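To start, the structure itself, in structure tokens.
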Amino acid sequence: MNLKISTKYCGEMESSGSEEIVFPNGLPAFENETRWILQPYKAPFYVLQSVGATEVAFLVCEILSIFQDYQIDLPTSVTEPLQLKRAEQVSLWAILTVKEPFETTTANLSAPIVLNVDVQKGKQYIPRDSEYSRKFPLLQRKEAAVLHAHSNPQTR
1 MNLKISTKYC
11 GEMESSGSEE
21 IVFPNGLPAF
31 ENETRWILQP
41 YKAPFYVLQS
51 VGATEVAFLV
61 CEILSIFQDY
71 QIDLPTSVTE
81 PLQLKRAEQV
91 SLWAILTVKE
101 PFETTTANLS
111 APIVLNVDVQ
121 KGKQYIPRDS
131 EYSRKFPLLQ
141 RKEAAVLHAH
151 SNPQTR
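Mapping of the sequence shown onto our numbering: position 58 corresponds to residue 58, and the numbering continues sequentially without gaps.
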């Protein structure tokens with residue numbers, strides 16, 4: 001049975017429910033919102049949309065698609081509830097703070113959204129200490145990666 005979902009950025013859409021991601025504890029400040037979907041937006045960006053609240057949506061990006069050298073150790077307080085057993089099950093996402101102009105948009109790398117892609121479960125992991133910033137300049141990093149690729153003789 002398909003459900004109709006009203007979304008903040010993409011209007012009304014139908015969902016079979018199979019693409020829903022369950023956040024058993026919601027997200028910080030949105031603890032009652034436990035059902036979410038990831039909607040493609042403009043590559044490489046997606047919208048993390050609450051199924052139950054139209055106005056609750058976040059622009060996100062898969063961290064490793066932009067920040068290839070990103071590394072984080074996930075504690076058992078994250079891996080166990082998400083049933084994570086293998087690295088291939090993990091997908092890490094950053095919530096973006098969209099600014100005008102868009103070139104000044106930042107990514108929260110210090111508190112990633114952790115998804116188990118096999119069982120469609122998620123959790124935002126907020127470590128006590130992080131080497132990453134909550135306001136990492138998104139496009140500055142992408143431009144640096146492009147410049148590095150052009151100056152790296154292995155990529156020619």
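Every residue gets a Cβ at the ideal spot worked out from N, C-alpha and C, and that includes glycine. In this text, all values refer to a predicted model and were calculated from it rather than measured experimentally.
Under 7 Å Cβ to Cβ from residue i, same chain only, skipping five residues before and after it: list those, please.
i: V98; result: L59 and T105
i: E31; result: N25
i: F136; result: T106, A107 and L109
i: G52; result: E33 and R35
i: F23; result: T34, W36, G122 and K123
According to DSSP, is residue i part of a helix, a strand, or is it coil?
i: Q39; result: strand
i: T76; result: helix
i: L138; result: helix
i: I126; result: coil
i: E157; result: This structure leaves residue 157 out entirely; the chain is present only between 1 and 156.
i: A87; result: helix
i: F102; result: helix
i: S6; result: strand
i: A144; result: For A144, the pLDDT reaches just 41, beneath the cut-off of 50, and the residue's location in the model is therefore unreliable, although a value from the coordinates is still provided. Note: A144 maps to helix in three-state DSSP.
For residue i versus residue j, is the C-beta distance shorter than 8 Å?
i: L82; j: V114; result: yes
i: I5; j: S15; result: yes
i: V47; j: E33; result: no
i: I21; j: I37; result: yes
i: L84; j: V90; result: yes
i: P44; j: Q124; result: no
Going by other Cβ atoms of all chains shown within 10 Å of its Cβ, with 16 needed for buried, is residue i buried or exposed?
i: F102; result: exposed
i: S50; result: buried
i: P112; result: buried
i: L92; result: buried
i: K94; result: Going by the sequence as given, residue 94 is Ala instead of Lys. Label assigned to A94: buried.
i: Q39; result: buried
i: G122; result: buried
i: V117; result: exposed
Identify, in the order they occur along the chain, each residue of the same chain with its Cβ nearer than 6 Å to the Cβ of residue i, setting aside the five sequence neighbours on each side.
i: R134; result: N108 and S110
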